[in-house]
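Read the structure below first, then the notes.
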Amino acid sequence: TAQSPLAELFSIALPTVAQMASYTIMQFIDTLILSHLGGVQATAASNSGILSFTVVGFGMGVLIIVNTLVSQCFGRREFERCGRYLWQGNWLGLGFGVAVLPLMLLSGPVFARFGHPADQAAMEATYSRIVLLATPIKLVSMSAGQFLLGINKPNRVLASAILGVSVNALAAYSMVLGKLGFHSMGVAGAAWAQDIGVTCEMGMLLVMVLMPCMRTVFGTLDLKPRRE
4 TAQSPLAELF SIALPTVAQM ASYTIMQFID TLILSHLGGV QATAASNSGI LSFTVVGFGM
64 GVLIIVNTLV SQCFGRREFE RCGRYLWQGN WLGLGFGVAV LPLMLLSGPV FARFGHPADQ
124 AAMEATYSRI VLLATPIKLV SMSAGQFLLG INKPNRVLAS AILGVSVNAL AAYSMVLGKL
184 GFHSMGVAGA AWAQDIGVTC EMGMLLVMVL MPCMRTVFGT LDLKPRRE
């Protein structure tokens, strides 16, 4: 039975939205769980999360072009060229992620300038430093996800996003509230939980794009940086 155009649209759009939204959902979960410790902790994570996302979000926006370039090759049936754009996206994401790491050093002064109470500003800086540490990971994840969307594998992207958010929720519950054998780490625990969730999402995506069949058909081991 042929799929209706509307159903086809949603089957592609939902995973795309899920990958874009997973990072924001993780931050929402962190803030929600931190609210059990008090308003200051939740506010600190929320403020810091918004500022951190403005940095990471720029890289994510740029890497959407991987989807465009891969899907053009896929449509022309130049399957072996698709992997090239996956890796150009990975290199760009890694480069951007490394370039923003020095911003971690500015987290303290930036939040101190906002005029927030000293304890809140310290928590905001802590959350920001830890979250920015995972910027290269998130951007490689973004590139891999856009590659899979470009070759018409949206459900794999959706599954990875669900895994990342689920792992983040479990890690935040454990590390923020001191459950499942962990001691309560507060705001730092929430930030590390997000990094863990992002890493799991990336790991699942990389496993999918580096499967033998993907390497053979789509050239996903074509690692060579290409300036052009």
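For the sequence shown, the working numbering assigns the number 4 to the initial residue and increments by one for each residue that follows. C-beta atoms are modelled at their ideal positions from N, C-alpha and C, and glycine is treated no differently.
How far does the alpha helix (DSSP H) with residue i in it reach, from first residue to last?
i, result
"T34", "P8 to L37"
"A45", "G42 to L66"
"D225", "Premise fails: D225 is in no alpha helix (DSSP H) and is neither H nor E."
"L209", "G189 to V212"
Hey, residue i and residue j: beta-carbon distance below 8 Å or not?
i, j, result
"M129", "A191", "Here the sequence assigns Thr to residue 129, which means Met is not the residue at that position. Taking 8 Å as the Cβ cut-off, T129 and A191 qualify as a contacting pair."
"I28", "V179", "no"
"L66", "G86", "no"
"M107", "L142", "no"
"V220", "G200", "no"
"I32", "A175", "yes"
"S51", "S131", "yes"
"G153", "Q22", "no"
"L213", "T223", "yes"
"G92", "S55", "no"
"G62", "G118", "no"
"I140", "M205", "yes"
"A164", "S25", "yes"
"V103", "V58", "yes"
Run through DSSP, which three-state label would residue i get?
i, result
"N155", "coil"
"R79", "coil"
"M107", "helix"
"A137", "coil"
"P120", "coil"
"S163", "helix"
"G184", "coil"
"I95", "Reading off the sequence shown, one finds Leu at residue 95, where the question assumed Ile. If DSSP states are grouped into helix, strand and coil, L95 belongs with the helices."
On the criterion of 16 or more Cβ atoms from any shown chain inside 10 Å, does residue i qualify as buried, or is it exposed?
i, result
"G189", "buried"
"S110", "buried"
"F150", "buried"
"L208", "buried"
"D122", "exposed"
"F13", "exposed"
Consider the C-beta atom of residue i and the heavy atoms of the ligand NAP; say whether any pair is separated by less than 7 Å.
i, result
"V190", "This structure lacks the ligand NAP; in fact it carries no ligand of any kind."
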